[in-house]
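**Student:** Using our numbering, the first residue of the sequence shown is number 161, and each one after it goes up by one. What follows is a single structure, and I will ask about it in a moment.
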Amino acid sequence: MLSRFSAYSAMIGVVGVLVMVQVPHAACPPSASLSGELDGDRFGEAVAVIGDVNHDGSADLLVGAPRNGAAGDFAGRVYLYSGTDGTLLDMQTGQAAGDNFGAEVASAGDVNADGYDDYIIGAPYHDAVASDAGRAYVFSGTDGALLYTFDGEGDNDWFGESVAGAGDVNVDGYADLIVGAPQYGSPARGKAYVFSGRDGSLLHQFVAANLYAYLGIAVAAAGDVDADGFPDLLVGAPVVNLFTGEAYVYSGQTGALLHTFASGHADGQFGRAVAGAGDVDADGFDDILVGAWSDDTYGDNAGRAFVYSGQTGDLLHELTRPDGSTKPMFGVSVGATGDWDDDGHDDVLVGCSGGTFVFSGTDGTVLTAVTIQPVTTFFGTAVASGGDINGDGHADILVGQFDAEAGRAYTFSCAAACDCDCHADPECDGVCNVLDVVRTVGTAFRGQPAPLDTECLKERTDVDCNGLTNVLDVVRVVNVAFRSGDPVVEFSNPCP
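In structure tokens form, the structure reads like this:
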């Protein structure tokens, strides 16, 4: 039985050997945190950023606690919070002991077409139809009313182990839904279902061709990968070929298979996490992000993540953990961030044991590390992005940290504000000269503006104000310091 609990728990204490170069990047501390109710609740095991359900102008937050015992042991509970101030807006509770309600949560899009996003919750061990057949619930974001319930078909289907908004796949003006049942069939082929938001009818169903595929253990909206005007679907099957794994993209219009992706690395569990990546290569077609959290290429269970072109299916980027840590499971969670650094290319989010990173869609380099102190094993095993929580025009990040205690979830608002004094003048002396060049080089190539190390000084060296100090910032400072460049042209804010 391949449950998220056994899979994650088996990784505790496993240490891989990563051989890679540490890359300088901007570090981002949490802007706020949320806490579970009781020890053992696993609050933060599933997280989602959803639309503005309370109409205050900011995206809101959904956090699952699938082992909460308010309605019986492991019945589960899900919390809806205001992104603005963390106020609890609504709370949904599982129906019976053992349901694991909240094992997965997601934004559903605007299912009932009332102008506000709704949300979907999985309860994979719900027993209404059969033992552990599973159930998924769709709730109104406006008032928390139950809009739909969908059920698995038979014993141990685990229907609701994965849930996602699918986009409006039939283009009828209502957002649709996708739900995975990874243990459907005998033995455990797996199945994914696409339901209409308009009337709850079944639009598509996808069944694995292979035994023990566990197709549907991860599902996501793929975006429009073939640019036909219909959103497409992404489904992972991480146990295909003895845990090598595959991921599939299906047409939202016809249900036809568009792409099959595979890393070819044995026991990598490629497809355990999947996400639409947005348009990473800026070619007008949405792209695909797939995690392989137990891939051994860079160490025992170190993990990898892969970005593929939606248009051609070609590999665009192979991503690995950039901070030199030996903690494993890179790629256990993945997501899209939109254009994080405002360079015209959408960027991606990858979580792992003890860390979460934003990578450039342009070249695959790391842009930002979101961090907490002290680092814990389960921080990063659930990540979400896609909504603007603080109103700065950039997508923010929500990261779960479930552990033996109640669990936590953290928000990160990491876009560069460029509001420090002396922006682009690291020495803050009113002159751009060799000392400013040294400081900028220190940040760009050594990871810190030695000998001083303050967040404000890091921001001062970010000349183009994109959240990252790199060679372009060095070139701009050099141009002003030694070539009489115009500060107004070279700097987003000139030296004082």
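By construction, the Cβ of each residue, glycine as well, lies at the ideal position given by its N, Cα and C atoms. On a predicted model such as this, the values are computed, not experimentally measured, just so you know.
1) For W500 and T309, what's the separation of their Cα atoms in angstroms?
2) Measure the C-alpha to C-alpha separation of D427 and T404 and round it to an integer number of angstroms.
3) Please identify the residue among A442, A230 and G511 whose C-alpha is closest to the C-alpha of G451.
4) Would you call the segment 292 to 302 and the segment 378 to 392 in contact, with 3 or more CB pairs under 8 Å?
5) Sorted by chain position, which residues of the same chain lie with C-beta nearer than 6 Å to S675's C-beta, five sequence neighbours on each side aside?
6) Go ahead and label Q533 buried or exposed: buried means 16 or more other beta carbons lie within 10 angstroms of its beta carbon, across all protein chains shown.
7) Since I believe S346 is in contact with D548 (beta carbons under 8 Å), could you give me their beta-carbon distance rounded to a whole number of angstroms?
8) For G524, which residues from the same chain have a beta carbon less than 8 Å from its beta carbon, with the 5 sequence-adjacent residues on both sides left out?
9) Could you give the first and the last residue of the continuous beta strand (DSSP E) run that contains D328?
10) Return the chain-ordered ranges of every beta strand (DSSP E) run that is complete within the segment 260 to 309 and spans a minimum of 3 residues.
11) Hey, quick one: how far does the alpha helix (DSSP H) through L198 stretch, first residue to last?
12) DSSP on D633, reduced to helix/strand/coil?
13) Is the Cβ-Cβ distance between Y143 and P342 less than 7 Å?
14) Suppose contacts are defined by Cβ-Cβ distances below 7 Å. Is E491 in contact with A465 by that definition?
15) Any idea what DSSP makes of G345, helix, strand or coil?
16) Hey, which unbroken runs of the beta strand (DSSP E) at 3 residues or more fall wholly within the segment 527 to 591?
17) According to the neighbour-count rule (16 or more other Cβ atoms, all chains shown, within 10 Å of its Cβ), is F605 buried or exposed?
18) Is the Cβ-Cβ distance between A378 and S322 less than 7 Å?
19) What is the DSSP secondary structure of F490, reduced to helix, strand or coil?
20) Using the Cα positions of V543 and T528, report the straight-line distance between them to the nearest angstrom.
21) Once you ignore the five residues that flank S291 on each side, which residues in its own chain have a CB closer than 8 Å to its CB?
22) For T600, name the three-state secondary structure that DSSP assigns.
23) With a threshold of 16 other CB atoms inside 10 Å of the CB of G196, please say whether the residue is buried or exposed.
24) Determine, using beta carbons only, whether V352 and V289 come nearer to each other than 7 Å.
25) Can you say whether H554 is buried or exposed, counting buried as having 16 or more other CB atoms within 10 angstroms of its CB?
**Tutor:** On the basis of the coordinates in this document:
1) Working through the sequence shown from its first residue, we reach residue 500 at position 340. Working through the sequence shown from its first residue, we reach residue 309 at position 149. So the two alpha carbons sit approximately 35 Å from each other.
2) By one-based count along the sequence shown, residue 427 stands at place 267. By one-based count along the sequence shown, residue 404 stands at place 244. So the alpha carbons of these two residues sit roughly 5 Å apart.
3) Numbered from its first residue, the sequence shown carries residue 451 at position 291. Comparing Cα positions, the closest option is G511.
4) no
5) A question about residue 675 goes unanswered here, because the residues of the chain that appear run from 161 up to 656.
6) For the purposes of this step, residue 533 is taken as residue 373 along the sequence shown, with counting starting at 1. Exposed is the call here.
7) Numbered from 1 along the sequence shown, position 388 holds the residue referred to as residue 548. Numbered from 1 along the sequence shown, position 186 holds the residue referred to as residue 346. Wrong, their Cβ atoms sit about 45 Å apart, outside the cutoff.
8) For this step, residue 524 is matched to residue 364 along the sequence shown. Taken in chain order, the residues that qualify are V467, L476, H477, E478 and L479.
9) Start at 1 with the first residue of the sequence shown, and residue 328 comes out as number 168. Where D328 is concerned, there is no enclosing beta strand (DSSP E), given that its DSSP letter is neither H nor E.
10) 264 to 269, 278 to 283 and 295 to 299
11) Locating residue 198 in the sequence shown gives position 38, counting from the first residue. Run containing L198: none; DSSP gives neither H nor E here.
12) In the sequence shown, residue 633 corresponds to position 473, counting from 1. The answer is helix: DSSP assigns D633 an H, G or I state.
13) Any property of residue 143 remains undetermined from this structure, which presents the chain solely from 161 to 656.
14) Here residue 491 is taken as the residue at index 331 of the sequence shown, counted from 1. Here residue 465 is taken as the residue at index 305 of the sequence shown, counted from 1. For the record, residue 491 in the displayed sequence is Gly; it is not Glu. Yes. Within cutoff.
15) The sequence position of residue 345 within the sequence shown is 185, counting from 1. Of the three classes helix, strand and coil, the one that applies to G345 here is helix, per DSSP.
16) 539 to 547, 556 to 561 and 568 to 572
17) By one-based count along the sequence shown, residue 605 stands at place 445. Its Cβ having fewer than 16 others within 10 Å, F605 is exposed.
18) As a working mapping, residue 378 is identified with position 218 in the sequence shown. As a working mapping, residue 322 is identified with position 162 in the sequence shown. Cβ atoms of A378 and S322: closer than 7 Å.
19) Along the sequence shown, one-based indexing puts residue 490 at 330. In this structure, F490 counts as coil in the three-state DSSP scheme.
20) Here residue 543 refers to the residue found at position 383 of the sequence shown. Here residue 528 refers to the residue found at position 368 of the sequence shown. Taking the straight line from one Cα to the other gives about 14 Å.
21) Position 131 of the sequence shown, counted from the first residue, corresponds to residue 291. Only D315 and N316 meet the Cβ criterion.
22) As a first step, residue 600 is located in the sequence shown; it is residue number 440 there, counting from the start. Three-state result, T600: helix.
23) Here residue 196 corresponds to residue number 36 of the sequence shown, with the count starting at 1. Buried is the call here.
24) Position 192 of the sequence shown holds residue 352. Position 129 of the sequence shown holds residue 289. Per the sequence shown, residue 352 should be read as Ala rather than Val. No; because the gap between Cβ atoms is not below 7 Å, this pair is not in contact.
25) Mapped onto the sequence shown, residue 554 falls at position 394. Looking at its Cβ environment, which holds 16 or more other Cβ atoms inside 10 Å, H554 is buried.
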